[in-house]
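Novice:
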Amino acid sequence: MTVLLIGGTGKTGRPLSRLLPAARVASRNPGPGRVRFDWNDPTTFRPALAGVRAAYLVPPLAELEPMRLVAPFLAEATAAGVRRVVLLGSLIVLPGAPGVDELVREVRRMPESAVLRPSGFMQNVLGGHPLGDGLREHDELVSAAGDGRLGWIDADDIAAVAARLLTGPAPEGEHLLTGPESLSYPEVAEVLSEVTGRRIRHRAVSVAERTEIFRATGMPDAFAAALGAVDAGIRDGAEDCTTTTAAEILGRPPRSFREFARAHLAELA
Ligand SMILES: NC(=O)c1ccc[n+]([C@@H]2O[C@H](COP(=O)([O-])OP(=O)(O)OC[C@H]3O[C@@H](n4cnc5c(N)ncnc54)[C@H](OP(=O)(O)O)[C@@H]3O)[C@@H](O)[C@H]2O)c1
Numbered sequence: 001m002t003v004l005l006i007g008g009t010g011k012t013g014r015p016l017s018r019l020l021p022a023a024r025v026a027s028r029n030p031g032p033g034r035v036r037f038d039w040n041d042p043t044t045f046r047p048a049l050a051g052v053r054a055a056y057l058v059p060p061l062a063e064l065e066p067m068r069l070v071a072p073f074l075a076e077a078t079a080a081g082v083r084r085v086v087l088l089g090s091l092i093v094l095p096g097a098p099g100v101d102e103l104v105r106e107v108r109r110m111p112e113s114a115v116l117r118p119s120g121f122m123q124n125v126l127g128g129h130p131l132g133d134g135l136r137e138h139d140e141l142v143s144a145a146g147d148g149r150l151g152w153i154d155a156d157d158i159a160a161v162a163a164r165l166l167t168g169p170a171p172e173g174e175h176l177l178t179g180p181e182s183l184s185y186p187e188v189a190e191v192l193s194e195v196t197g198r199r200i201r202h203r204a205v206s207v208a209e210r211t212e213i214f215r216a217t218g219m220p221d222a223f224a225a226a227l228g229a230v231d232a233g234i235r236d237g238a239e240d241c242t243t244t245t246a247a248e249i250l251g252r253p254p255r256s257f258r259e260f261a262r263a264h265l266a267e268l269a
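Heads up: the sequence shown at position 226 corresponds to 226 in the numbering used here, and the numbers run straight through without jumps.
#1: Roughly how many whole angstroms lie between the Cα atoms of Ala-229 and Gly-146?
#2: Among residues of its own chain, excluding the 5 on either side of Ala-247, which ones have a beta-carbon nearer than 7 Å to its beta-carbon?
#3: Candidates Ala-114, Leu-268, Val-25: which alpha carbon is nearest Arg-164's?
#4: Going straight from the alpha carbon of Ile-6 to that of Leu-61, what length do you get?
#5: Figure out for me which residue from Leu-91, Tyr-56, Leu-49 has the closest Cα to the Cα of Gly-151.
#6: Consider the C-beta atom of Thr-9 and the heavy atoms of ligand 3; say whether any pair is separated by less than 7 Å.
#7: Check the C-beta distance from Ala-144 over to Arg-210 and give it rounded, since I have them as a contact under 8 Å.
#8: Run through DSSP, which three-state label would Thr-2 get?
#9: Taking 7 Å as the cut-off, is the CB of Thr-12 close to at least one heavy atom of ligand 1?
#10: Could you tell me whether any non-hydrogen atom of ligand 1 is closer than 7 Å to the CB of Val-58?
#11: For Ser-143, name the three-state secondary structure that DSSP assigns.
#12: Whole-angstrom Cβ separation of Arg-84 and Leu-192, contact assumed at under 8 Å?
#13: Apply the 10 Å Cβ neighbour rule to Asp-221 and answer buried if 16 or more other Cβ atoms are within range, or exposed otherwise.
#14: Opposite Arg-201 in the DSSP bridges: which residues?
#15: Does the count of Cβ pairs from the segment 102-110 and the segment 129-137 closer than 8 Å reach three?
#16: Helix or strand or just coil, what does DSSP make of Arg-164?
#17: Based on Cα-Cα distance, which residue from Pro-118, Arg-215, Leu-268 lies nearest to Thr-242?
#18: Check Gly-10 in the structure and name its three-state DSSP category.
#19: With respect to 7 Å, is the separation between the Cβ of Phe-121 and the closest non-hydrogen atom of ligand 1 below this value?
#20: What alpha helix (DSSP H) runs, 4 residues minimum, are completely inside the segment 181-229?
#21: For Gly-120, count the other beta carbons within 10 Å of its own beta carbon; 16 or more makes it buried, fewer makes it exposed. Which is it?
#22: Output the residue ranges of the alpha helix (DSSP H) runs that lie fully inside the segment 23-102 and measure 4 residues or longer, sorted by chain position.
#23: Is Leu-88 buried or exposed, if buried means 16 or more other CB atoms sit within 10 Å of its CB?
#24: CA-CA distance, Ala-204 and Thr-12?
Shown next, in the form of structure tokens:
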């Protein structure tokens, strides 16, 4: 059964491609084992889907109305005989983004489907995210989330869950995925200080400042504002939860932030 990995070079997709080495990786930069795929170029959908029966779907990034691009893809996928779709959604609800709910509804109309709803990725403290940039450049984690907690999860654990759901018995439903503990940004800074031996601190900013940090990465204004507003929700306790779902699916506990930091010490240095 051919499995297509959209976002197969990203934070969850790369470890997933290692777990499923026969899968076809979709990327804007094709190469050996990689097929060209670009959400902004629908002519890439059909060739990428040839012979595919299951797909991992990382939706278009920084897009408040993803169905604009995903609807034609799902139509092509159905025509190509794709039966199973595993969608990477989010446990963190983006304020003012009803298009995300529509995406979940449409994916669940596929013959077999599952929606992963992970909490914040531990990988955000590595490169390629404003959080990691602040850590690397100034030994600080910048947020507007105060002491609010969230159930940080290792993207490798999300990938391991996705691998099971893509290749095992027909999955269904939504899977709320967190790590083993709920931690605030100041608590993450403490863990990182302890593991790296550096003095890493949390710098509290306003929601407007945090929004500006996202906007400065080139994100559309509305999406940056939605991500900034997420911090207000975290601050108010909206994301303070852990689930046992990952452990139940994987048959082992998901990685803690301390274990993650130890495993990524070289990248954190
Ligand atoms: N970060 C978090 O804390 C968090 C928490 C919960 C949920 N999520 C969700 O996770 C998803 C992934 O977020 P992420 O920041 O971790 O990104 P990521 O998966 O690391 O994103 C990069 C991936 O997207 C692909 N990509 C980028 N633009 C593309 C395009 N135009 N067409 C096709 N593929 C494209 C890239 O492929 P190429 O460059 O190879 O083309 C790469 O594989 C998002 O939907 C987000 O909502 C994130």
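Ideal placement from N, C-alpha and C gives every residue a C-beta, glycine not left out.
Specialist: The relevant details are as follows:
#1: 13 Å
#2: Pro-253, Pro-254
#3: Ala-114
#4: 12 Å
#5: Leu-91
#6: For the structure depicted, ligand 3 is absent and the ligand set comprises only ligand 1.
#7: 4 Å
#8: strand
#9: yes
#10: yes
#11: strand
#12: Contact flag wrong, Cβ pair sits at about 38 Å.
#13: exposed
#14: Glu-140
#15: no
#16: helix
#17: Pro-118
#18: coil
#19: yes
#20: 185-196, 207-216
#21: buried
#22: 45-49, 67-80
#23: buried
#24: 28 Å
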